[in-house]
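Peer 1: Chains as they are written, first to last, in our numbering: chain A, 2 to 189; chain B, 2 to 510.
Just so you know, even glycine gets a beta-carbon here, dropped at the ideal spot from N, CA and C.
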Amino acid sequence: MLEFIYQSGWGAFTVLLLFQIPFLLVFLTIVFRKAYVNSEPSGITDADVGKWRGRWLTLVVALFLIINLASIKFIPAVYTARAAAGDVAAIDVTVEAQSWSYDMSAYEFEVGKPVRFNAKSLDTVHGFAVYHPDGDVLFTMMLVPGVSESSLIYTFTEPGTYKVRCLEYCGMAHHDMSDEITVTEASS
Amino acid sequence: MSIANSIVSSVPVFGRMFKVESEPELNDINFWPAAMIMASFLWLSVAVLLGIALPLTQMLGLDASLFYTAITAHGAAMAFPYVFQLMMGVGLHRAGGCVGKPVTGWLPAAAFWLMNIGGILFTIAILMGLKISYAVMYPLPVVGVATGQWSMASVIIGFTGIAGILITVILLYPVQVIKMLFFDKEREELVLNRRKLSDPGMLGMAMAAFVLLIMGSPLLIVASAVLLFLYGIVPFAWIAWAADPMVFQFVFYIFAHNLMEAMAIMVVSAVYATLPLYLADGTRKLYSDKMANLALWILLLTSVTSFFHHFFTMFPALPSALSYHGNIMSYGTGIGAAITIFTVTMTIVKHGLRPEAGVMAVLMGFTLYILDGVSAIITSNIAWSFQLHGTMWQAGHTMAVLIAMSMMWMGVLLHHYPVITGRVLDAASGKWFVILFTVGAMGVNWSFLAAGAAGMPRRFASWDQEGWMVYGYLILLFGLCLALSLLIFLINVSKARRIDTGMAASPAE
């Protein structure tokens, strides 16, 4: 469940709707009723207003805390540190991005083996986004020239052909800046 | 006749919409704002056509360069010459009427000319081939020259235009507001609705001016240095510090992020000012000025350093501590927004509402602004940012915040229009504008966000991959709905009737 929420765009979209729809329903209902149905002043007391204000702000703070605390294990800095400290050594891969292609030191990886992507740009700002074969973005990295490297460790869990795309606009052939990597079953 | 009024009078079609025919003693707070508002709607018309052209270039399989030309010109026109200029025009009129100070002299004139000439120069550069998106993407402009994508002449013209826009946004407009709020002499005949600085309807205007001036200055310095080199005035060695991509990226986003936040603070303040004028029981007060001001202060303090969320995916080049800080501050802005929601909602609950087009546009714009705020805080969470950064999600966020602010300002404009022009608008047309704009804006926004969730890259001239074109059709459909609503708005404005003697200038005044 948490994996779906924090590791896919559709998880983010689901949470978006869970926040937006209740707000829309409540706010628009109040505006409609107070504008078109009964615009008389309500008899709500200051004490009641204080209570509702306390409840509302407590709810908002609690929701913000929950969604951020639950996301910690999915932060790349966190899972990269965990993978680096694990038993299986990460495979280092260098990625050099230049308009409009990638030069990678390896293109084939195995399921379950951590891969450390060390990526940099040689000219302008580029992105290095890896897509799951089903179309989900697994992660994206922003590569700013002059910065040493952007880096994270990712462990593939399924075999297949993964698309790589640039997600930072980089000129006239930006949409053609892509590549593929292959993930195979673990050898043993 | 003032130069500003001559400009408005001489422009076909749009000039008639915003020509000042109100009481002559108010001319000093009406002429330049009317010129700015008129020019902003000219730019909007161009931006809407370009916005519709974007999905069409993809559906018709046209050349990618057309898409990148349209997206650069559309973004540039929307963000600055349209939304910012509209805000500048309505905001300066509001400020003048609240403190009784004139909007005259060289400052508003320079702001008008530099914004519009800057916008025209940037557009010429785009037509010459400069396709850098409205975010500039430095060092792309110079890399593009090195790789033969466009000429150095287009970069020089484009950067000159951008400089004009930046001088307006970062220097001229904030200085004009600060001058009016703190220095100029009050003229009793200009006071329409007196407000103090502690009034929530005024506080945001002052905050926004200082944010723009302070947070924009580093970019102005860096951009000026680069421009001096481009003009051949100084050698590269003198400006190498400014040409570093990291330096430019950081000063750009410190400005661009805070520009959006400043505009949001200012428009929330305008909501606080406008809503009480339409309360059913005639109270003319928010349920709590203290809560309203608290929300503005929280928005101000948290938004200033939340810009780090633009750089989460540079890890580890952006230290984790700064990422965590950006994440937390971004959610802090959510607390400010939550207090604002409560203040607006409780004011309506307590006092009822008179549903006129102006206030309904303000409230629907506010609704869009909150919906967009949700998409903003989601992508400001570090974990989600690594799935969403660079996708259509973020394009949707940028577009939605501009559209939401635009609608709130158009609502405020509907309120001020009779005072500025001396003419009244048709209520039924105003209602249809609000309905169609709301439906179009929500539809476009959800289409963008769904496209981002599906992994569709932003600023990407190949929508036919992975089945993404379906989002293109939805964007076009709801975009046409938005365009229709704007057409209704402009027709309504062009058919406005002169106020009869004795008729109230505005129903709420």
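1. In chain B, which residues lie with their C-beta within 8 Å of the C-beta of L58 (chain A)?
2. How is E510 (chain B) classed by DSSP in three states: helix, strand or coil?
3. Could you name the residues of the region 146 to 165 of chain B whose beta carbon sits closer than 7 Å to any beta carbon of chain A, in the order they occur along the chain?
4. Do the region 380 to 395 of chain B and the region 135 to 144 of chain A make contact, defined as three or more Cβ pairs closer than 8 Å?
5. Could you tell me which of B:L301, B:W298, B:A296 and B:N328 sits nearest to H311 (chain B), measuring between CA atoms?
6. Enumerate in chain order the residues of its own chain whose CB-to-CB distance from Y10 (chain B) is below 7 Å, with the five nearest sequence positions on each side excluded.
7. Assuming R498 (chain B) and E22 (chain B) make a contact with CB atoms under 8 Å, what is their CB distance in whole Å?
8. Within 10 angstroms of its Cβ, does F65 (chain A) collect 16 or more other Cβ (buried), or is it exposed?
9. Are the C-beta of D124 (chain A) and some C-beta of chain B separated by less than 8 Å?
10. By the criterion of Cβ-Cβ separation under 7 Å, what are the contact partners of A187 (chain A) in chain B?
11. Given that K132 (chain B) touches chain A, what residues does it touch there, using C-beta distances under 7 Å?
12. Check each residue of the region 345 to 366 of chain B: if its Cβ is closer than 8 Å to any Cβ of chain A, include it; give the result in chain order.
13. Counting only C-beta atoms, is Y132 (chain A) closer than 8 Å to chain B at any point?
14. For E186 (chain A), count neighbouring C-beta atoms within 10 Å of its own C-beta (all shown protein chains included) and say buried if the count is 16 or more, exposed if not.
15. Within 8 Å of any Cβ in chain B, is that where the Cβ of K52 (chain A) sits?
16. Measuring alpha carbon to alpha carbon, tell me which of B:M39, B:A80 and B:V14 ends up nearest I421 (chain B).
17. Quick check on E190 (chain B): buried or exposed, where buried means 16 or more other Cβ atoms within 10 Å of its Cβ?
18. Are the region 49 to 57 of chain B and the region 425 to 443 of chain B touching by the rule of at least three beta carbon pairs closer than 8 Å?
19. Which residue marks the beginning of the beta strand (DSSP E) containing F211 (chain B), and which one marks its end?
20. Exposed or buried, I4 (chain B), counting other C-beta atoms within 10 Å across all chains shown (16 or more means buried)?
21. Within the same chain, show all residues whose beta-carbon is closer than 6 Å to that of I255 (chain B), passing over the 5 residues directly before and after it, in chain order.
22. Could one say the Cβ of E181 (chain A) lies closer than 8 Å to chain B's Cβ atoms, at least one of them?
23. Does the distance from the C-beta atom of I340 (chain B) to that of I299 (chain B) stay below 8 Å?
24. Could you tell me which residues DSSP pairs with S102 (chain A) in its beta bridges?
25. Exposed or buried, what is Y37 (chain A) when buried is set at 16 or more other beta-carbons lying within 10 Å of its beta-carbon?
26. Can we say the region 363 to 381 of chain B touches the region 401 to 421 of chain B, given the rule of at least three CB pairs closer than 8 Å?
27. Please specify which runs of the beta strand (DSSP E), each continuous and at least 3 residues long, are wholly inside the region 97 to 138 of chain B, giving them in chain order.
28. So who's on the other strand from P115 (chain A), going by DSSP bridges?
29. Indicate whether A322 (chain B) and G431 (chain B) have their beta-carbon atoms separated by less than 8 Å.
30. Could you pull the start and end residues of the alpha helix (DSSP H) that H417 (chain B) belongs to?
31. Considering just the uninterrupted stretch of the alpha helix (DSSP H) at E4 (chain A), what are its terminal residues?
32. Would you say P42 (chain A) lies against chain B (beta-carbon separation less than 8 Å)?
33. Would you mind reading off the limits of the alpha helix (DSSP H) that contains A130 (chain A)?
34. Would the region 76 to 94 of chain A count as touching the region 10 to 29 of chain A if we require 3 or more Cβ pairs under 8 Å?
35. Provide the residue span of the beta strand (DSSP E) that contains K164 (chain A), from first to last.
36. What distance in whole Å lies between the Cβ atoms of A98 (chain A) and A130 (chain A), which are believed to be in contact at a cut-off of 8 Å?
Peer 2: Once the coordinates are examined:
1. Result: I336, A339, I340 and F343.
2. Note that E510 (chain B) scores 40 on pLDDT, short of 50, meaning its location in the model is unreliable; the coordinates nonetheless yield the value given after this. Coil.
3. So the close ones are T148 and Q150.
4. The region 380 to 395 of chain B vs the region 135 to 144 of chain A: in contact.
5. Relative to H311 (chain B), the option among B:L301, B:W298, B:A296 and B:N328 whose CA is nearest is B:N328.
6. Here the sequence assigns Ser to residue 10 (chain B), which means Tyr is not the residue at that position. Excluding residues within five positions, the ones whose Cβ falls inside 7 Å are G16 and K20.
7. Incorrect: roughly 11 Å between the Cβ atoms, too far for contact.
8. Buried, by the Cβ-count rule.
9. At a cut-off of 8 Å between beta-carbon atoms, D124 (chain A) makes contact with chain B.
10. Residues of chain B passing the Cβ test: none, with the nearest at roughly 25 Å.
11. Within chain A, the residues near K132 (chain B) are M173.
12. From the region 345 to 366 of chain B, only T346, M347, I349, V350, K351, H352, G353, L354, R355, P356, M361 and L364 have a Cβ closer than 8 Å to chain A.
13. Yes, Y132 (chain A) counts as interfacial toward chain B.
14. For E186 (chain A), the number of other beta carbons within 10 angstroms of its own is below 16, and it is reported as exposed.
15. It does not; no Cβ of chain B falls within 8 Å.
16. Sorting B:M39, B:A80 and B:V14 by C-alpha distance to the C-alpha of I421 (chain B) places B:M39 at the top.
17. Taking every protein chain shown into account, the CB of E190 (chain B) has fewer than 16 other CB atoms within 10 angstroms, so this residue is exposed.
18. The region 49 to 57 of chain B vs the region 425 to 443 of chain B: no contact.
19. It is not in any beta strand (DSSP E) - F211 (chain B) instead sits in the alpha helix (DSSP H) that spans P201 to L231.
20. With fewer than 16 other Cβ atoms from the protein chains shown falling within 10 Å of its own Cβ, I4 (chain B) counts as exposed.
21. Cβ neighbours of I255 (chain B) beyond the five flanking positions: M216 and F308.
22. It does not: the Cβ of E181 (chain A) has no partner Cβ on chain B nearer than 8 Å.
23. Their beta carbons are under 8 Å apart, which means I340 (chain B) touches I299 (chain B) by this criterion.
24. By DSSP's assignment, S102 (chain A) forms a beta bridge with A:Q99.
25. It counts as exposed.
26. Enough Cβ pairs lie closer than 8 Å, so yes.
27. If we require 3 residues or more, the region 97 to 138 of chain B turns out to have no beta strand (DSSP E) run fully inside it.
28. P115 (chain A) is bridged to A:T156.
29. The answer is no: Cβ separation not under 8 Å.
30. First-last of the alpha helix (DSSP H) with H417 (chain B): M393 to T422.
31. Annotation: the continuous alpha helix (DSSP H) that includes E4 (chain A) extends over L3 to Q8.
32. Interface annotation, P42 (chain A): in contact with chain B, CB-CB separation under 8 Å.
33. Where A130 (chain A) is concerned, there is no enclosing alpha helix (DSSP H), although the beta strand (DSSP E) it sits in stretches over H127 to Y132.
34. With the cut-off at 8 Å, the region 76 to 94 of chain A and the region 10 to 29 of chain A do not touch.
35. K164 (chain A) -> beta strand (DSSP E) spans G161 to R166.
36. Contact between A130 (chain A) and A98 (chain A) does not hold, since their C-beta atoms are separated by about 11 Å, which reaches or exceeds 8 Å.
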